[in-house]
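Written below as structure tokens is the structure these notes are about.
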Amino acid sequence: MKNGSIITIESLIKSFPIGGGEFTALNGINLTFAKGEFSGIVGPSGSGKTTLLNILGSLDSPTKGHTNVLGTASDQMNPRVSAMLRKKHIGFIFQTYNLMPVYTVFENVEFPLLLLKTPAAERKKAVLEALEWVGISDKVKSKPPQLSGGESQRVAIARAMVKKPDLVLADEPTANLDAENSHHILQTMENLNKELQTTFVFATHDEKVIGYLRRIITLEDGKVVSDKNIKK
Amino acid sequence: MIALKLAYKNLVGAGLRTLLIVFVLSLAYVLIIYMNGLYQGWDRQARIETIAWEVAEGQYWQTEYDPYDAMTLTDAHAPVPAELEASVSEGKAVPILITQATIYPEGRMMGALLKGIDTRQKLLSIPTDLLDPDSDEITAIVGTRLAKAAGLEIGDKLLIRWRDVNGTFDATDLKIAEIFKTAVPAVDQGQVWIPLSTLQEITGMSGEASLVVVDKSPGEGTSISGWEFKGHDFLFKALEEMIKSKTVGGSVFYLIILALALLAIFDTQVLSIFRRQREIGTYIAMGMTRKQVVGIFTVEGGMHAILAVVLGALYGFPLLLWTTKTGIKMPEGTDDFGMAAAEHMYPYYSLALIIGTIILVMIATTIVSYMPSRKISKMNPNDAIRGKII
Ligand SMILES: Nc1ncnc2c1ncn2[C@@H]1O[C@H](COP(=O)(O)OP(=O)(O)O)[C@@H](O)[C@H]1O
Ligand SMILES: [Mg+2]
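Sequence lines, in order, name chains X and C.
Quick note on numbering that gives the first Met the number 0: the first sequence kicks off at 0 and runs consecutively.
Quick note on numbering that gives the first Met the number 0: the second sequence kicks off at 0 and runs consecutively.
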């Protein structure tokens with residue numbers, strides 16, 4: 000691994016069996032991510048963004064090639080190891096928020112800490128802090144069905160951030176949001192990235208998101224066609 | 000802990016559906032306990048009554064005696080064995096002589112068993128003290144079932160015909176001294192009780208008996224010179240089998256209710272696993288193993304059984320308690336089952352029955368909750384997160 004990098008990807012190929020043959024969704028990817036990056040994988044629909052993000056998040060494994068995510072190499076991965084990795088170090092944000100409808104906002108955000116067996120007092124403090132980061136402290140007792148899309152996504156960000164993970168993976172986080180809400184959550188994530196040095200990797204084709212990125216990796220047909228750092 | 004809390008929230012969140020399933024399941028609990036309690040109560044009651052009225056602690060049978068074959072009665076008599084004489088005189092053993100007879104109530108003809116019993120006996124509840132061995136007339140007592148069948152009342156005369164030891168027919172009138180009420184048909188239906196000494200005299204079987212009821216068991220299978228001991232194990236075998244067959248028959252009803260509840264839970268599980276793919280994918284993304292997620296859903300389905308215990312206890316406890324106090328009125332004709340049955344049956348709910356039922360239902364519920372949940376371990380989390388599994 001390169002000095003300071005938390006993710007390395009070498010000669011990654013990912014193919015899916017379809018029909019009788021197979022479909023290659025990612026074809027020879029080489030990338031490294033450093034700690035504290037605010038980067039995005041951009042490209043048209045079907046270019047392989049989500050597939051790449053899933054491999055970064057150890058939700059999926061490479062067909063060929065090698066990855067190392069937060070110190071765990073792809074050949075050491077097994078369901079237990081990858082579950083542990085996600086539990087401790089990775090936060091996910093989804094296009095569809097994926098909050099638990101029967102839990103209150105507080106309980107949704109608390110969930111990752113319950114999995115980590117964090118003591119109750121510490122848990123409460125962390126949850127309230129995370130809700131403050133995303134500016135939704137007034138809705139602790141609400142349940143997801145009572146929230147707007149923007150509010151829901153903010154809760155989802157708080158849930159991803161509450162354990163202070165090393166890496167946050169956000170797949171099209173603004174796809175269901177209007178401009179105002181999109182900017183609001185992007186500013187929130189930008190601030191968290193600066194304050195906590197959390198590495199963010201987005202998968203998106205939304206221009207609003209792209210405007211915030213400090214590194215843009217462009218994917219086309221499963222290949223990286225450009226990788227640019229943006230001076231801010 | 001997380002699983003329990005989550006399960007609880009999800010079930011409460013499902014509202015009416017949960018309530019309905021929990022109610023049907025609680026009905027299954029209450030019915031299983033009630034029905035089995037009823038049969039257990041019946042069994043206990045029947046045993047107690049049968050011991051009091053018919054078998055005491057067991058009976059020595061003359062070798063030829065077979066209650067299911069009336070033909071054997073002709074030969075099934077012998078002098079009371081010397082080994083039992085002391086007990087007989089102390090009232091600890093009661094000899095009974097049985098012979099076949101025909102009675103002629105109101106000019107009709109009915110087969111009956113004529114039974115001679117020591118009038119001073121206290122071992123059995125039959126009111127033999129109302130028989131008078133010294134009277135000029137032959138006094139007899141009968142149970143309410145025979146009295147009804149033969150249209151008899153206290154003080155009535157009853158013509159009876161029997162064979163003596165040589166096979167010669169003889170006939171006389173009996174005077175009904177008492178009509179007694181008993182829960183045990185075996186001492187009532189088709190039976191006429193008269194003093195032992197009288198029966199011995201009119202049949203010419205002096206000092207003889209067909210069986211001897213005793214107050215202490217010498218152990219199943221013990222035998223003394225031509226008499227074999229029959230203990231409770233033997234004497235209650237028919238009762239046990241009868242209860243068992245009734246229990247099986249009675250279980251059909253609650254098994255249907257239980258199956259209905261289990262089916263609803265299974266269905267709910269299948270549906271919720273399908274509808275909650277995103278949630279499942281999210282759990283996995285947050286670092287739960289698939290096994291843990293399967294666990295969450297299994298606990299959720301299984302929790303129906305826990306809520307049903309609570310609900311079932313809420314209405315079942317007072318209801319069942321009430322039945323033990325007031326008893327269950329048995330329908331007319333229960334007497335004809337051929338086993339001891341009082342007018343009111345008092346169910347008996349043992350702790351083992353209650354706990355056993357709860358465990359049984361919980362295991363069944365957990366299994367039907369687990370079966371659909373296994374599907375989760377085959378799900379692709381990426382598809383699940385996006386709700387793409389069809
Ligand atoms: N599980 C899968 N099985 C088969 N094909 C898949 C699977 N997942 C993704 N693909 C295909 O891989 C390509 C890239 O998909 P994806 O990574 O979701 O693209 P993006 O997120 O950029 O829109 C698409 O053509 C998609 O159909
Ligand atoms: Mg995508």
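Here a beta-carbon is modelled for each residue, glycine too, at the ideal position from N, C-alpha and C.
- Nearest C-alpha to G189 (chain C) among C:I140, C:K377, C:H343, C:I272: C:I140.
- Excluding the 5 residues flanking it on each side, K87 (chain X) has same chain C-beta neighbours closer than 8 Å at L115, K162, P164, in chain order.
- L173 (chain C) is bridged by DSSP to C:I137, C:L157.
- Assigned with DSSP and collapsed to three states, L123 (chain C) falls in coil, not helix or strand.
- Taking 7 Å as the threshold, the shortest C-beta distance from L114 (chain X) to chain C falls below it.
- For the options X:G18, X:P16, X:F15, X:N26, the alpha carbon positioned closest to that of V224 (chain X) is the one of X:N26.
- Just measuring C-alpha positions, the residue of C:D163, C:L173, C:Y103, C:F22 sitting nearest E136 (chain C) is C:L173.
- Within chain C, no residue has its CB atom less than 8 Å from the CB of R122 (chain X), the nearest being about 12 Å off.
- Counted as a single uninterrupted DSSP element, the beta strand (DSSP E) harbouring T23 (chain X) occupies residues 20-33.
- Taking 6 Å as the cut-off, the C-beta of G300 (chain C) does not count as close to any heavy atom of ligand 1.
- For A92 (chain C), the uninterrupted beta strand (DSSP E) run begins and ends at 92-103, by DSSP.
- Distance from the Cα of T202 (chain C) is smallest, within the candidate group C:W226, C:E239, C:V164, C:L210, for C:V164.
- When DSSP assignments are scanned along the stretch 250-291 of chain C, the uninterrupted stretches of alpha helix (DSSP H) that are 4 or more residues long and fall wholly within it turn out to be 276-284.
- The C-alpha of E200 (chain C) lies about 29 Å from the C-alpha of I50 (chain C).
- Collapsing the DSSP output to three states places N107 (chain X) in a helix.
- DSSP places L11 (chain X) in no alpha helix (DSSP H) but in the uninterrupted beta strand (DSSP E) bounded by 4-17.
- Taken from the Cβ of K377 (chain C), every heavy atom of ligand 2 lies 6 Å or farther away.
- Counting other Cβ atoms within 10 Å of its Cβ, V251 (chain C) stays below 16 and is therefore classed as exposed.
- Not a single C-beta of chain C is nearer than 7 Å to the C-beta of A129 (chain X).
- Going by beta carbons, I242 (chain C) and L157 (chain C) fall outside the 7 Å limit.
- Distance check between G142 (chain C) and each of C:K180, C:W41, C:K387, C:A148 places C:K180 closest, using alpha-carbon atoms only.
- Chain C places a beta carbon closer than 7 Å to that of F91 (chain X), counting this residue as a contact.
- Closest in C-alpha terms to K328 (chain C), from the list C:Y314, C:F316, C:P317, C:H343, comes C:H343.
- A distance of 7 Å or more separates the beta carbons of L52 (chain X) and A155 (chain X).
- Comparing C-alpha distances from P380 (chain C) to each of X:G20, X:F91, X:E128, X:G42 shows the shortest one belongs to X:F91.
- For the stretch 34-52 of chain X, the beta-carbon criterion of a distance under 7 Å to any beta-carbon of chain C is satisfied by none of its residues.
- DSSP places Y38 (chain C) within a helical segment (H, G or I) once states are collapsed to three.
- Taking 7 Å as the cut-off, the beta carbon of L145 (chain C) is found closer than this to the beta carbon of D187 (chain C).
- Assignment of G148 (chain X) by DSSP, reduced to helix, strand and coil, places it in the helix class.
- For the stretch 168-241 of chain C, the continuous alpha helix (DSSP H) assignments of 4+ residues that do not extend past its boundaries occur at 195-202, 231-234, in sequence order.
- The residues Q276, I279, G280, in chain order, have a CB closer than 6 Å to that of A383 (chain C) in the same chain once the five nearest residues on each side in sequence are set aside.
- Setting aside the 5 residues that flank it on each side, V11 (chain C) is surrounded in the same chain by T17, each with a C-beta closer than 8 Å to its C-beta; the list follows chain order.
- The contact set of R373 (chain C) on chain X, defined by CB atoms closer than 7 Å, is empty, because the minimum CB distance reaches about 16 Å.
- The continuous beta strand (DSSP E) containing G39 (chain X) extends over residues 37-41.
- Around the beta-carbon of P317 (chain C), fewer than 16 other beta-carbon atoms lie within 10 Å, marking it exposed.
- Contacts between Y211 (chain X) and chain C, judged by CB atoms closer than 8 Å, are missing: the closest CB pair is about 23 Å apart.
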